[in-house]
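>
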Amino acid sequence: MQKNRTEEAVQKFRSGSNCAQSVLSTYLPALGIPAPVAHRMGAGLGAGVGRKQLLCGALNAGAIVLSTHFGNEENGDTARKEMALERVRHLVDEFEEKFTSAQCIDIIGVDISTAEGRKRASDSGVFRKVCDSCVEHVCRRLEETL
34 MQKNRTEEAV
44 QKFRSGSNCA
54 QSVLSTYLPA
64 LGIPAPVAHR
74 MGAGLGAGVG
84 RKQLLCGALN
94 AGAIVLSTHF
104 GNEENGDTAR
114 KEMALERVRH
124 LVDEFEEKFT
134 SAQCIDIIGV
144 DISTAEGRKR
154 ASDSGVFRKV
164 CDSCVEHVCR
174 RLEETL
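Mapped onto the numbering used here, the consecutive letters of the sequence shown carry residue numbers 34 to 179.
1) If you run the structure through DSSP and keep just helix, strand and coil, what is Q44?
2) Looking only at its own chain, which residues have a Cβ that is under 6 Å from the Cβ of L246, when we skip the five neighbours before and after it?
3) The alpha helix (DSSP H) spanning N93 covers which residue range?
4) Would L88 and Q136 be called neighbours here (beta carbons separated by less than 8 Å)?
5) For the stretch 160-177 against the stretch 49-56, do three or more pairs of beta-carbon atoms, one drawn from each stretch, fall closer than 8 Å, so that the two count as touching?
6) Using a Cβ-Cβ cut-off of 8 Å (strictly less than) and excluding sequence neighbours within five positions of S146, which residues of its own chain qualify?
7) Given a threshold of 16 other Cβ atoms within 10 Å of its Cβ, counted over all protein chains shown, does R122 qualify as buried or as exposed?
8) Apply the 10 Å Cβ neighbour rule to R120 and answer buried if 16 or more other Cβ atoms are within range, or exposed otherwise.
9) Taking the straight line between their C-alpha atoms, what separation do you get for R174 and A148?
10) Do V159 and V171 come within 8 Å of each other at the CB atom, strictly closer than that value?
11) From G150 to F46, what does the alpha carbon distance come to, in whole angstroms?
12) Skipping 5 residues on each side, what residues in its chain have a beta carbon closer than 7 Å to that of T178?
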């Protein structure tokens with residue numbers, strides 16, 4: 034049985050890709066970007082951009098996927114730019130509704146900027162409990178939108 038893209042992205046996350054890499058390498062190949070390139074693009078976006086715990090990496094990746102699909106290629110194409118902005122805004126709104134924040138630090142509740150914090154987060158299972166859900170949520174919304 035073939036896995037759907039949501040399951041594929043969650044499995045990639047569980048196998049060691051960060052949240053952004055999981056989403057980008059699953060969705061961007063269908064938009065013409067090779068999976069290895071998409072995976073590299075997400076390397077610095079995990080854990081809220083450079084492990085600063087800002088915007089959730091999965092959500093950030095979802096915005097990139099939507100922008101790649103719906104965005105404008107030329108300066109004057111404001112209609113497509115507006116379409117992309119609206120789709121991304123809707124994704125963020127739904128994410129915030131589900132997780133109460135779009136910020137990684139608020140969502141996981143652990144400072145992972147240090148090795149000790151990452152160990153504490155790993156030991157508590159927060160990545161599996163919370164981050165899996167974030168990746169899954171973003172992918173389900175992408176499936177509905179694309």
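Glycine residues also receive a C-beta, built at the ideal position from the N, C-alpha and C atoms.
Reading from the atomic positions:
1) Here residue 44 is taken as the residue at index 11 of the sequence shown, counted from 1. Residue state, collapsed to three classes: helix.
2) As shown, the chain starts at 34 and ends at 179. That puts residue 246 outside it, with no answer to give.
3) The residue labelled residue 93 in the question sits at position 60 within the sequence shown. It spans 90-103 - the alpha helix (DSSP H) in which N93 sits, taken as one unbroken run.
4) Within the sequence shown, the letter at position 55 stands for residue 88. Within the sequence shown, the letter at position 103 stands for residue 136. The answer is yes: Cβ separation under 8 Å.
5) With contact defined as three or more Cβ pairs closer than 8 Å, the stretch 160-177 and the stretch 49-56 are in contact.
6) Walking along the sequence shown from the start, residue 146 turns up at place 113. Excluding positions up to five away in sequence, the list reads R84, K85, Q86.
7) Walking along the sequence shown from the start, residue 122 turns up at place 89. Per the 10 Å Cβ criterion, exposed.
8) Here residue 120 refers to the residue found at position 87 of the sequence shown. Buried, because 16 or more other Cβ atoms sit within 10 Å of the Cβ of R120.
9) Counting from one through the sequence shown, the residue named residue 174 turns up at place 141. Counting from one through the sequence shown, the residue named residue 148 turns up at place 115. The straight-line gap from Cα to Cα measures roughly 32 Å.
10) Sequence index remark: in the sequence shown, residue 171 carries index 138 (1-based). Sequence index remark: in the sequence shown, residue 159 carries index 126 (1-based). Against a cut-off of 8 Å, the Cβ pair of V159 and V171 comes out as no contact.
11) By 1-based counting over the sequence shown, the position of residue 150 is 117. By 1-based counting over the sequence shown, the position of residue 46 is 13. One C-alpha to the other measures close to 19 Å.
12) Residue numbering aside, residue 178 sits at position 145 when the sequence shown is read from its first letter. The beta carbon of T178 lies closer than 7 Å to those of L99, R120 in the same chain, with the five residues before and after it left out.
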